[in-house]
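Going by the numbering used here, the first residue of the sequence shown is number 380, and it counts up by one from there. All C-beta atoms in this analysis are idealised placements derived from N, C-alpha and C, irrespective of residue type, glycine included. Computed from a prediction, not measured in an experiment: that's the story for all the values here. I have placed the structure first, in the form of structure tokens, so that the comments after it can refer back to it.
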Amino acid sequence: MKRSLEDMEQNSEEQPPKISKTEESSNSAENSVDNNLQPTTDVAASTSNTEEQTDKKTKKEKIKEKYKKKFKNDIARKKNKKNGKNAEKVEAEWLRVGEMSNEHFERYYKEQKIMPEEEFPAFLESLKNSLPTTFRINKSVDPTVQISLRDKIENYFVPKIRGLEVEEDELQEMDELDEKGNKKQRVTSSVLTLHAAIKVKKIVQEPKNIPWVPDRMGWSIDASKATLRKNEVLKEFRDWLMLNTNVGHITRQEAVSMLPPLFFDLKGTDRVLDMCAAPGSKTSQLLEQLHEAAFKEGKEPNGFVVGNDNDVQRCYLLVHQLGRLDHLFGNMIFTNQDATNYPDLLDENKERIQFDAILADVMCSGDGTLRKAPDLWKRWKPGLGNALHSMQLLVAEKALHLLRVGGTMVYSTCSLNPIEDEAVVAQILRMGQGAFELVDVSQKLPDMKYQPGLSTWKVYTNDFEQPKVEELVSDNTIKPSFYPPKQDESFPLHLCIRMLPHRQNTGGFFVAVIRKVKEFNSTRTFTKGKDLIRDYRGRSTAFEAYEQVQDDILDSIYNFYGINQEALPRLHFVTKKDSESLNPKRLDSNGQPVKASKIFYVSEKARQVSDLNEEKNLKIINFGMRAFEYYRGDFLKCNYRLSQEGATRLYPFMNDTRKIVLDKQDFITFVTETHCKGPDFKDEKVSEKVTNMEPGSCVVVYQHEGHSRPYAVCGFKSHQSIMRHIKKEDANVILMEITGDINAQVK
């Protein structure tokens, strides 16, 4: 999950501390707070005799205070200098460790019986280990490229990494000695514990596919980021992984985070809503699946995905994270709304939009993320989940209100707590009175080792009291909906899925797939809620209004690029409205601010959302794919040049006027060189076309053998030469794919 208790009033009997955002950076424990940082052996060894005689509590408090001030390596250098050691040679390494135990946590989950009793020790032990590095191959990539990437892992990296031996730091708790050399008695678990980093040799496990990700497109390697940098073979794998991540071929994502989108069967025309989308890994999956479905249907996708978050800063993070898929943004809308009061939108018939698929990956306590957020150990209490239950229920209820009959909602959390999981699902079923049904997905992903949902559980306060439901008072923080179903309520909660960390080396996770079978009468009135939206770094969060691009501008674009208006109607192109479209920094040849400095491509259904809902207070942060941008040049017949994402999406609608089709050798020449003149191409017809082409943007196309989709690269023709108009790293990947040389580099 993305966040837990930040920016939210706590309504539990004791204010629980704020939980860190737990999905900002997948597969890493690097988001732990500095309070958990501990020194290595060198720092501990440098402690003087005087310090050893210091009172334990005072000494620990001093250490904690130093950590909070983040003096880190400076402290180590000062200590070693004081003891006469060479401070330059003694580099303090600070490791994120802590007391990875909590008696309340252990008692709570033993009582809840979320797994067979004999598995509990293995469950607890798994929570003390960091997560493996996991990633998936993106479905938006050409199917042949997907297979090529998978083959590279299976046939190249797996054999090279198998049996590889590396040195790693293993943490061992240090015994503190008194002045007589005797071992000191342990202090309480609430005080930090010194650990030593001992160098040990370890055999690295080769990359393994994640069993439930279809077509072997999800992968895992049980090695930390630090380990991946230490060995040349692992570094080569890391560099390859980073390169393909940067160009949008691969997404780094926690294994269990990949689950929710896999339970949807999307079509290219579907309307999809991700209610709590940031940081965006699941949103990107949904967008990829929408495009993949349309591609299999042989059509352009006309549906859209709405990625929403109620925190404006996280909305901009969401846009940034999905930036590698910007060529798919024509079917993407980013909104900044409170998920519990997401506005009803109108469709082309002026009727309420009902979504085909909704993901409610709700805010949660996040105790399934202990492997990457160990700071949560010392802060965990039953009240964390209790405080969030009502909000989670509101989000789920709103999602079902927005869902069409026959549509699917996936409810998910990264919490193991039944109060946040089964209790919410049970209340949804109770509230629907037959309008909703749990879907059996046991055969959907057969290699997934999960624990079926609970049918009964216990309700605790922070003090481990168990109030009875009939004893609750109106202002009690324990709600009736916390409790398990009554005997006469036959809810099939066993159809829910709970992922346990020790089963398949993952984080903890919960998923319920719910189908809406008929409309329901909610007791809740859906009205505009309190506006929780704030400005972010001076940017207005007001509705980003868009309008149709002026006819004279589109005339110039359609004529210059030879775009087929019947196949691609003008309604697909929009620009920001009124004064927002005026860019004072961009002046036309007459010295006037340019109108429509950027032109965006949008799908028809996404365009309708913008046009028909200006009165709905829908706060759009980002909308559409950047297709054209104004470029001043008196020598140009059209002052709007293509973007690379525009070239990728629009070239099928263009005639041959601004399209150059190359063979393999000439395409390699074009991609490799910064500039190419007509004579540089071996094909005489191509050479002549390049020489005589009018200046301006163009698309260079190459159909690689075995690929289902051609490469389409944006180029710019000057008076004498043509240059590639893409990022160098993107050009490197293209060259690598065509030549098969993993080290291929362009100029």
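Under the DSSP definition of a beta bridge, K539 lacks any partner. Going by DSSP, S791 is part of the beta strand (DSSP E) stretching over 782-792.
The region 503-513 and the region 534-550 do not touch, with fewer than 3 CB-CB distances between them shorter than 8 angstroms. By the neighbour-count criterion, in which a residue is buried when 16 or more other Cβ atoms sit within 10 angstroms of its Cβ, N534 is exposed. In this structure, DSSP gives S1100 an extended state, which the three-state scheme calls strand. Cβ atoms of S860 and H768 come within 8 angstroms of each other, at about 7 angstroms. The continuous beta strand (DSSP E) containing Q927 extends over residues 925-927.
Burial check for G686: the Cβ neighbour count within 10 Å reaches 16 or more, so the residue is buried.
About 13 angstroms separates the Cβ atoms of T1051 and F1060, ruling out a contact at the 8 angstroms cut-off. Between the region 1073-1081 and the region 1091-1100 there are three or more C-beta pairs closer than 8 angstroms, enough to call the two in contact.
Bridge partners of C1093 according to DSSP: V1078. In chain order, I516, M596 place their CB closer than 7 angstroms to the CB of Q525, counting only its own chain and leaving out the 5 sequence neighbours on each side. Rounded to whole angstroms, D1045 and N1034 show a C-alpha spacing of 21 angstroms. When beta bridges are read from the DSSP output, L1021 appears opposite F1007. If you draw a straight line from the Cα of Y488 to the Cα of D746, it is about 11 angstroms long. With contacts defined by Cβ atoms closer than 9 angstroms, Q584 and A602 form a contacting pair.
Of the residues assessed, H881 falls on the buried side of the cut-off, its CB having 16 or more other CB atoms within 10 angstroms. Under the DSSP definition of a beta bridge, K895 partners with F815. In this chain, the alpha helix (DSSP H) harbouring K1064 covers 1063-1071. Less than 9 angstroms divides the Cβ of I1039 from the Cβ of V1079.
In the pairwise beta carbon analysis, the region 824-843 is classified as touching the region 491-502: at least three pairs are separated by under 8 angstroms.
T648 carries a coil assignment under DSSP once its states are collapsed to helix, strand and coil. Residue ranges of uninterrupted alpha helix (DSSP H) with 4 or more members are absent from the region 701-728; none lies entirely inside it. Counting only residues of its own chain and dropping the five nearest sequence neighbours on each side, Q883 has a CB closer than 6 angstroms to the CB of K828. The C-beta of F1002 has 16 or more other C-beta atoms within 10 Å across all chains shown, which makes the residue buried. Rounded to the nearest whole angstrom, the CA to CA distance from L622 to V1065 is 31 angstroms. The alpha helix (DSSP H) runs of length 4 or more contained entirely in the region 475-523 are, from start to end of the chain, 482-491, 499-505. Judged by DSSP secondary structure, F1002 falls within the beta strand (DSSP E) whose first and last residues are 999-1002. Contact holds between the region 697-709 and the region 975-987, because three or more Cβ pairs, one in each stretch, are under 8 angstroms apart.
Contact holds between the region 682-697 and the region 988-1005, because three or more Cβ pairs, one in each stretch, are under 8 angstroms apart.
Collapsing the DSSP output to three states places P831 in a strand. Assignment of T856 by DSSP, reduced to helix, strand and coil, places it in the coil class. Under the Cβ criterion (8 angstroms, minimum of three pairs), the region 813-824 does not count as touching the region 755-766. By DSSP's assignment, G597 forms a beta bridge with R515. Judged by DSSP secondary structure, D618 falls outside any beta strand (DSSP E) and instead within the alpha helix (DSSP H) spanning 611-625. Residue pairing from DSSP leaves L669 without any beta-bridge partner.
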